[in-house]
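Numbering follows my numbering, with no gaps: position 225 of the sequence shown is 220. Even for Gly, the Cβ is constructed at its ideal location relative to N, Cα and C. Given the structure is predicted, the values throughout are model-derived calculations rather than measurements. A quick write-up on the structure given underneath.
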Amino acid sequence: MTRHDSDRVFIFDTTLRDGEQSPGATMSHAEKLEIAELLDEMGVDTIEAGFPIASEGDFSAVSEIAKRTKNATVCGLARANFADIDRCWEAVKHAKSPRIHTFIGTSPLHRDIPRLTMDELANRVHDTVSHAHNLCDNVQWSPMDATRTEWEYLCRVVRIAIEAGATTINIPDTVGYTAPVESADLIRRLIKTVPGADEVVFATHCHNDLGMATANALAAVAGGARQIECTINGLGERAGNTALEEVVMAMKVRGDIIPYHTGVDTTKIMNISRRVAAVSGFSVQFNKAIVGKNAFAHESGIHQDGVLKNAETFEIMRPEDIGLAATSIVMGKHSGRAALRSKLEELGYSLAGNQLNDVFVRFKALADRKKEVFDDDLVALMRDSAATDESDRLQIKFLRVICGTEAPQSADLTMSVDGVDRQVTATGDGPVDAVFRAVRKIFPHEIDLQLYQVHAVTQGSDAQATVSVRIEEDGRIATGEAADTDTVVASAKAYVTALNRLLVRREKTAPDADRKSIRQTDSAV
Ligand code: KIV
Ligand code: ZN
């Protein structure tokens, strides 16, 4: 039996690299460490922790994750040059099990970018993989855009990479172009054709541009791949990557026809899905497979009746299998700290003393306004507290909005900017417009509001609203999310959260001269 016949599939999570690369999904250092810890606890085999040469922040996150991770292999990404590979090794070398992942675009379109001939590129593969192998025993190599690379050439470069010491060969469908039959066939033929293929693990890395990432990844496994690259909630460039929860649950639920297993503890799925949604600012669509809010909800009478009599009538997996606990404690204004702590633990949040105090105060304020506080309200509350930070430059201090049937509506806003309180009144076409204008009056800025979305967290007229905002400035994207029983207050908080994140991003990316001028513009207000 070769490794391509084994029934164990390795899970390679790239939420912190490919996922974090999606526009607007940037995570803070602390958030990356938290997600890495959750991934390790849930039993993924490899954590791709970042792209160490990309920035100081990426480097320190990857090296810290390398030092802390207890079980998983920790991997960093590197382009096909020695400087990237050396930097990557510096970051991952402290891991119990380090890996260097190096890649180069091999399709005609991608070869054109560095203007390399086929021979030059093949030599580059040999030199860079050999260099990585001299530093680390565990080397993964990827021919980017493999699915649009000429067959003969793909075989040639894969062979060179294996000869140079790669131990995992990843075949990326970088633009989400392949289809299941082709995906299986490509891996099968590579294993059959390339000398030395039996000595390495083949991996599949699928993007979801045509909605086929999960199907393509599972097909690749049928073709002999034994590592799936994936992300929590399918986060990733453009339409995202293969969703971890989908491939893992597909193998678990349909073991009869997808006869493979992973080391993932599926009961941890829901918690990590919520945390990734919170820290990335990318909400999970309601009808998303496995982790969507509606994935286990039954609305119609016939469905409800069926599920009550026998859950299997309309459920192919048990909510508990993904860590969705049947709710036992109902929270309300008489609930104490212990009940809150235990409920939050059930939902996957463990809080230290001070954090619990802070959340408890906010929970009480919410319970005063809402008769019953449901699980989803608490998740929204936690997402809100994850979004606010004392070090934020902009902080809302007071907001009052006057609405009527006659336009315009007006907003009185007090907001502190770098610790100095400022107060304005602004009018607008509707209450939300008035609030956003007030923010702009206090802190003038030119941004493009790309998305403004409101969702009711639960049912009833006292339901909280979750507002999501996405803004863009010179190609920098930032998202903000906030919840409140008052939609206008939630809108203001979400908008200011996004602005604070954009300011951090400006600071990170602006050259020194620009940085000064941003400060000057800000303080000229
Ligand atoms: O999509 C892709 O090709 C990648 C590579 C860097 C593996 O993310
Ligand atoms: Zn990718």
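Look at residue i and residue j and say whether their C-beta atoms are less than 7 angstroms apart.
i	j	result
T97	A78	no
N76	D35	no
D316	T237	no
G425	Q404	yes
L498	R388	yes
W146	I164	no
I60	V39	no
A174	S125	no
A214	A192	no
A489	V464	yes
G171	F197	no
V120	R154	no
T10	I227	yes
V259	V271	no
A406	V430	yes
A49	G71	no
By the three-class DSSP mapping on this structure, what secondary structure does residue i have?
i	result
L339	helix
C150	helix
F350	One point to set straight first is that residue 350 is Gln, not Phe, in the sequence displayed. In this structure, Q350 counts as helix in the three-state DSSP scheme.
G399	coil
P190	coil
V259	coil
I48	helix
M22	coil
V134	strand
I95	strand
V39	coil
H200	strand
K436	helix
M312	coil
Y490	helix
G229	helix
L72	strand
E476	strand
N165	strand
H329	coil
E570	Outside the shown range of the chain, which is -4 to 520, sits residue 570, and nothing can be said about it.
R249	coil
Rounded to the nearest angstrom, what separates residue i and residue j at their Cα positions?
i	j	result
L408	A487	10 angstroms
V419	V483	17 angstroms
C83	T144	26 angstroms
S55	R63	12 angstroms
A117	P109	13 angstroms
I42	D416	43 angstroms
L446	E476	11 angstroms
G235	E241	13 angstroms
T480	T461	9 angstroms
P535	M312	A question about residue 535 goes unanswered here, because the residues of the chain that appear run from -4 up to 520.
V356	G331	11 angstroms
D428	I285	36 angstroms
R183	L149	13 angstroms
D2	D353	47 angstroms
D8	A156	22 angstroms
H89	E32	16 angstroms
E341	A161	42 angstroms
V176	I397	60 angstroms
K523	S456	This structure cannot settle anything about residue 523, because the visible part of the chain is limited to -4 through 520.
A375	A478	6 angstroms
A521	D13	There is no way to answer for residue 521, as the model of the chain reaches only from -4 to 520.
R435	D413	15 angstroms
R233	S278	15 angstroms
Taking buried to mean at least 16 other C-beta atoms within 10 Å of its own C-beta, is residue i buried or exposed?
i	result
S102	buried
R471	buried
S345	exposed
I437	buried
N349	exposed
K91	exposed
P439	exposed
P138	buried
R264	Arg is not the amino acid found at residue 264; the sequence shown has Ile there. Counting Cβ neighbours within 10 Å, I264 comes out buried, since at least 16 surround it.
R395	exposed
L444	exposed
I252	exposed
D469	exposed
Q280	exposed
T(-3)	exposed
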